[in-house]
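Below you'll find the structure, written out as structure tokens, and then a few comments.
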Amino acid sequence: MRTLRQINAVYEKILHSDMNQRVKEMKLASLMKEIERCYRIPLRISDEWEKENPEVMEMYSKIRKSRTL
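The sequence shown begins at 132 in the working numbering and counts up by one.
What follows is the structure, given as structure tokens:
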């Protein structure tokens, strides 16, 4: 399992790469799935879960907002 710091490094590498947008979208989607699986993000994220996992939610939201599709 990657740490949030490692996931952020991968995220930054994807964002600043010269890949076409479609490939970036696929890689960001894959990164989101990895976070969901590794950090057990529920399908319905409650306020309580967000409060208990602020760093995870911050990274997850950051990636989600970067996606355009």
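Ideal Cβ positions, reconstructed from N, Cα and C, are used throughout, including at glycine. Quantities reported herein were computed from a predicted structural model and do not represent experimental measurements.
With at least 16 other beta carbons inside 10 angstroms of its own, L162 counts as buried.
Cβ-Cβ separation between S197 and L159: approximately 6 Å, consistent with a contact (criterion under 8 Å). Here R133 is not near E167, since their CB atoms are 9 Å or more apart. Your pair M190 and I138 checks out as a contact, with CB atoms roughly 6 Å apart and the cut at 8 Å.
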